[in-house]
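Structure record follows, encoded as structure tokens.
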Amino acid sequence: MCIDKMRYIMIGCALALIALAGCKTPELSMDERISLPESGEMGMNDTTFVKPLSWDVFFQDTLLRGYVDVALRNNHSFRQSMERIAMSRAALQRAKGLLLPDVNLNIGASVNRFGEYTMDGVGNSETNVPSLPKDKHIPDPYRDFGLSLSFQWEADIWGKLTRKKQAAAARWMASVEATRFAQSMLISDLAIQYYELIGLDRRKE
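Quick note, the sequence shown lines up with residues -21 to -1, 1 to 184 if you use mature numbering (1 follows the signal peptide of the UniProt record, and there is no 0).
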């Protein structure tokens, strides 16, 4: 009974070390030309396309699936890859926004109180004479309200903004594929080591 318990402890420790060691995500050059499909659906209309199985469907061993789940949640390199996807997605959204008009609405309010012995205060007292209609008097305090609307739209004549959007989309898709590759490598390494340890364990029996 103790021997079987020690074997499972050794398997768990070995798989944990593999998971935490991480796998290096391949570096992608910013200048690398990436061929993109015309639409977002890659190969979905191809009759030869086979949808890949998810790892939790492919592996039926519940113990292995538990190890893989822990590795994906705690592996530092894989978590970095997920962060790169989020950053590239945000950059893509910014690039899309460059093609849209920029509208700014500014609202302001201020209150000015004139000192009695200042230039403005003396000038106002001399201006607000009794003979002047009340609606012409300068109020004290003086309230000022402002409202302005600005509209700006950069014309993409030379295609600069479109190229920025395409480059951002390429970087986003590249980060997604790099993360899928890192996930596949991590899971495959775990599965290989897991079944090798199981095989060695059975040989000893």
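In this text, a Cβ means the ideal position worked out from N, Cα and C, and glycines have one as well.
Asked: How would you call N54, buried or exposed, if buried means at least 16 neighbouring beta carbons within 10 angstroms?; Found: buried
Asked: Helix, strand or coil for D85, going by three-state DSSP, please let me know.; Found: It is worth fixing the name first, because residue 85 is Asn in this sequence and not Asp. Here N85 sits in strand by DSSP.
Asked: What is the rounded straight-line gap between the Cα of T158 and the Cα of R52?; Found: 13 Å
Asked: Which same chain residues, not among the five before or five after A74, have their C-beta less than 6 Å away from its C-beta?; Found: K143, K144, A147
Asked: Please report the straight-line C-alpha distance between G1 and V47, rounded to a whole angstrom.; Found: With a pLDDT of 49 at G1, under the threshold of 50, the predicted position of this residue should be treated as unreliable, and no value is reported.
Asked: Going by alpha carbons, who is nearest to E156 out of L43, A50, V49, S60?; Found: S60
Asked: Per DSSP, what kind of secondary structure is F38 in: helix, strand or coil?; Found: coil
Asked: Grouping DSSP H, G and I as helix and E and B as strand, with all else coil, what is G76?; Found: helix
Asked: What would DSSP say about G178, mapped onto helix, strand or coil?; Found: helix
Asked: What does the Cβ neighbour count give for S67, buried or exposed, with the cut at 16 atoms within 10 Å?; Found: buried
Asked: Helix, strand or coil for S33 per DSSP?; Found: coil
Asked: I believe T71 touches W151 by the beta-carbon criterion, under 8 Å. Please report the beta-carbon distance rounded to the nearest angstrom.; Found: Reading off the sequence, residue 71 comes out as Leu, not Thr. Sure, about 5 Å apart at Cβ, within 8 Å.
Asked: How many Å lie between D168 and Q162 at the Cα?; Found: 10 Å
Asked: DSSP three-state label for G125, please.; Found: strand
Asked: Taking the alpha-carbon positions, what's the L78 to A65 distance?; Found: 21 Å
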